[in-house]
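Reading through the structure tokens given below for one structure.
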Amino acid sequence: MNRKSTWIALAGCIAVVVFLVLNPLATLGTIGGALLLGVAFVYFIHFRHPSGVMSLNEVSDRRWHSVDLGKTTISGDGTRYEIYVRRGASSNLIIHFSGGGACWDDITASQPITLRRVLRGYTRDLRAFYFTALTKLFPTALTGMANQRDKDNRFRDWNFVFIPYTTGDLHVGDVVNTYAGKKGPFQVHHNGRNNTTAALAWIFANFLEPEKVMVSGESSEAWASAFYAPLVADHYTGKRVYCLSDGAGILSPRWSDVFDRTWRADSATYLGFQIGTDVYEDALSHRIDRVGGDIRYLHSNTLYDDTLTRFSAALNNVPTDTDRFIDDWSAHTVETMKRLAGDPDLAYQHFLTDWGHNVRRHTTAHTITTNELFHKAEADGVTYAEWLARNVIDDEDLSLGGRLLP
Numbered sequence: 002m003n004r005k006s007t008w009i010a011l012a013g014c015i016a017v018v019v020f021l022v023l024n025p026l027a028t029l030g031t032i033g034g035a036l037l038l039g040v041a042f043v044y045f046i047h048f049r050h051p052s053g054v055m056s057l058n059e060v061s062d063r064r065w066h067s068v069d070l071g072k073t074t075i076s077g078d079g080t081r082y083e084i085y086v087r088r089g090a091s092s093n094l095i096i097h098f099s100g101g102g103a104c105w106d107d108i109t110a111s112q113p114i115t116l117r118r119v120l121r122g123y124t125r126d127l128r129a130f131y132f133t134a135l136t137k138l139f140p141t142a143l144t145g146m147a148n149q150r151d152k153d154n155r156f157r158d159w160n161f162v163f164i165p166y167t168t169g170d171l172h173v174g175d176v177v178n179t180y181a182g183k184k185g186p187f188q189v190h191h192n193g194r195n196n197t198t199a200a201l202a203w204i205f206a207n208f209l210e211p212e213k214v215m216v217s218g219e220s221s222e223a224w225a226s227a228f229y230a231p232l233v234a235d236h237y238t239g240k241r242v243y244c245l246s247d248g249a250g251i252l253s254p255r256w257s258d259v260f261d262r263t264w265r266a267d268s269a270t271y272l273g274f275q276i277g278t279d280v281y282e283d284a285l286s287h288r289i290d291r292v293g294g295d296i297r298y299l300h301s302n303t304l305y306d307d308t309l310t311r312f313s314a315a316l317n318n319v320p321t322d323t324d325r326f327i328d329d330w331s332a333h334t335v336e337t338m339k340r341l342a343g344d345p346d347l348a349y350q351h352f353l354t355d356w357g358h359n360v361r362r363h364t365t366a367h368t369i370t371t372n373e374l375f376h377k378a379e380a381d382g383v384t385y386a387e388w389l390a391r392n393v394i395d396d397e398d399l400s401l402g403g404r405l406l407p
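In structure tokens:
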């Protein structure tokens, strides 16, 4: 660019600045337009729908791809369902169940998770209970263990299959229920069992001989990882399967009714255990089938989980006007982890932390695995990321947070 052109460009920039200064409405419009363009870029470009594949053989890059599993799969609101796969540089495999709440009656089914409800912020009484459909945020928004650009993430080169959760039934339902809403009756497809069965069938057909296998889940799907790890272990015979449950634990006498009456889970036949009051512990210790394979259970919780405490209160119809519902949930969770840690028949390691305790709310974070807390949250001076890698990659038996288990 010559000197004349430079002066012309500079004069043009000055003219634009002067115009915007003298015209505040135009300035606001320009800023608003820029923000809208930024939001549009993030929503439509960064979170664009992953390209579809039918098999892993079609994947030659390290990007996310969607997999349509066919007509037997469906989301809670009747829309399409799919899973996502990302090829890794190693032969190791992560099967990850996404979180996403649950619903079990007219009140909870009438309050799905929406952007508007999320933007309301924290409230002691839950006002958003479950995802009804796929969201653009996943899988692209995943960080932590799923971040392949993080050189400190020791799982960055693993193959990753992400199983979304859109049915409000902990991935075990097999029924279409009609609920009563303010605008009239509506249906929820509790199709979690069929969605998961189809997902695992695709995984087994495409990952024939993985070196290491981890079945992980967080939030409501921390239970699903425990439910389905035995099926994965039965398939990959001779392999140790690592089962990570991040944020699992609610005690309730209502579980049996919710699982087998509301969701039609047929727990004894299909899940292999009788539903008691603590479904996570039941899945590990109270089985009526014989679990084959070598499963190593990894269980993580924060001491005053800001989400599980409120779900527990909603499920058990407990008031939330004092901190008692939080402390009761915490005490039950500690007791469960103590029992599991003392079970001689289980290969069980735990991570329990009060890291980041919000004293005013009396809460701690909900989950850690696929968010920014992966490298931050600590127990006994060790980060969650290190605890997980040492158990899974280094095969070290490591439990943390023992000081919180009196």
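Those letters in the sequence shown? Residues 2 to 407, per the working numbering, in order. Where is the CB? At the ideal position from N, CA and C, for every residue including glycine. Computed from a predicted structure; not experimentally measured.
message: Given this structure, state the Cα-to-Cα distance separating arginine 118 from glycine 239, to the nearest angstrom.
response: Position 117 of the sequence shown, counted from the first residue, corresponds to residue 118. Position 238 of the sequence shown, counted from the first residue, corresponds to residue 239. Cα to Cα, arginine 118 sits roughly 46 angstroms from glycine 239.
query: Would the beta-carbon of arginine 155 fall within 8 angstroms of that of isoleucine 394?
result: Your numbering for residue 155 matches position 154 in the sequence shown. Your numbering for residue 394 matches position 393 in the sequence shown. Going by C-beta atoms, arginine 155 is nearer than 8 angstroms to isoleucine 394.
message: Using C-beta distances below 6 angstroms, list every residue in its chain close to tyrosine 237, excluding the 5 sequence neighbours before and after it, in chain order.
response: Position 236 of the sequence shown, counted from the first residue, corresponds to residue 237. Sequence-distant partners of tyrosine 237 (beyond 5 residues in either direction) whose C-beta falls short of 6 angstroms from its own C-beta, in its chain, are Val214.
- prompt: Out of curiosity, what's the CA-to-CA distance linking threonine 334 and proline 186?
  reply: Along the sequence shown, read from residue 1 onward, the residue named residue 334 stands at position 333. Along the sequence shown, read from residue 1 onward, the residue named residue 186 stands at position 185. Taking C-alpha positions only, threonine 334 is separated from proline 186 by approximately 36 angstroms.
- prompt: Does the count of Cβ pairs from the stretch 239–258 and the stretch 314–323 closer than 8 angstroms reach three?
  reply: At 8 angstroms Cβ cutoff, the stretches touch.
field: Bridge partners - phenylalanine 112, DSSP secondary structure assignment
entry: Position 111 of the sequence shown, counting from 1, holds the residue named residue 112. First, the amino acid is wrong: residue 112 is glutamine here, not phenylalanine. According to DSSP, glutamine 112 bridges with nothing at all.
Helix, strand or coil at glycine 182 according to DSSP, with G and I counted as helix: Locating residue 182 in the sequence shown gives position 181, where the first residue counts as 1. Looking at glycine 182 - three-state DSSP - the assignment turns out to be strand.
Cβ-Cβ separation, alanine 366 to leucine 374 (assumed contact under 8 angstroms), whole Å: Within the sequence shown, the letter at position 373 stands for residue 374. Within the sequence shown, the letter at position 365 stands for residue 366. Right, the Cβ-Cβ distance comes to about 6 angstroms (below 8 angstroms), so this counts as a contact.
- request: List the DSSP bridge partners of asparagine 359.
  value: Taking the sequence shown and counting its residues from 1, the one referred to as residue 359 is at position 358. Paired residues: Thr364.
- request: Please determine if the stretch 216–224 and the stretch 193–206 are in contact, where contact requires at least 3 C-beta pairs separated by less than 8 angstroms.
  value: Contact between the stretch 216–224 and the stretch 193–206 is not established, with fewer than three Cβ pairs separated by less than 8 angstroms.
Enclosing beta strand (DSSP E) for leucine 94 [first to last residue]: The residue labelled residue 94 in the question sits at position 93 within the sequence shown. In the DSSP annotation of this structure, the continuous segment of the beta strand (DSSP E) that includes leucine 94 starts and ends at 94–98.
query: On the three-state DSSP scale, how would you describe tryptophan 65?
result: Looking up residue 65 in the sequence shown gives position 64. DSSP places tryptophan 65 in the strand class (E or B) of the three-state scheme.
message: Short of 8 angstroms in beta carbon distance, which residues of its chain neighbour valine 68, apart from the five on each side in sequence? Order them along the chain.
response: One-based indexing of the sequence shown puts residue 68 at position 67. Hits under 8 angstroms: Gly53, Val54, Met55, Glu83, Ile84, Tyr85, Val86, Trp203.
task: Whole angstroms is fine: what's the gap from leucine 70's alpha carbon to aspartate 153's?
output: Stepping through the sequence shown from its first residue, residue 70 is reached at position 69. Stepping through the sequence shown from its first residue, residue 153 is reached at position 152. If you take the alpha carbons of leucine 70 and aspartate 153, they lie about 33 angstroms apart.
query: Using CA coordinates, which residue listed in Tyr271, Gly169, His287 is at the minimum distance from glycine 277?
result: Here residue 277 refers to the residue found at position 276 when the sequence shown is read from its first residue. Checking every option, the nearest Cα to that of glycine 277 belongs to His287.
- prompt: Nearest CA to the CA of glutamate 212: which residue from Leu232, Phe228, Ala230, Arg241?
  reply: Locating residue 212 in the sequence shown gives position 211, counting from the first residue. Here the closest residue by C-alpha is Arg241.
message: So if DSSP puts histidine 351 in a beta bridge, which residue, or which two residues, is it bridged to?
response: Within the sequence shown, numbered from 1, the residue matching residue 351 stands at position 350. DSSP links histidine 351 through a beta bridge to His300.
task: Specify the secondary structure class of glutamate 373 as computed by DSSP and reduced to three states.
output: Within the sequence shown, numbered from 1, the residue matching residue 373 stands at position 372. Reduced to three states, the DSSP call for glutamate 373 is helix.
- prompt: What are the boundary residues of the alpha helix (DSSP H) that includes isoleucine 327?
  reply: Position 326 of the sequence shown, counted from the first residue, corresponds to residue 327. Taken as a continuous stretch (DSSP letters only), the alpha helix (DSSP H) holding isoleucine 327 covers 325–342.
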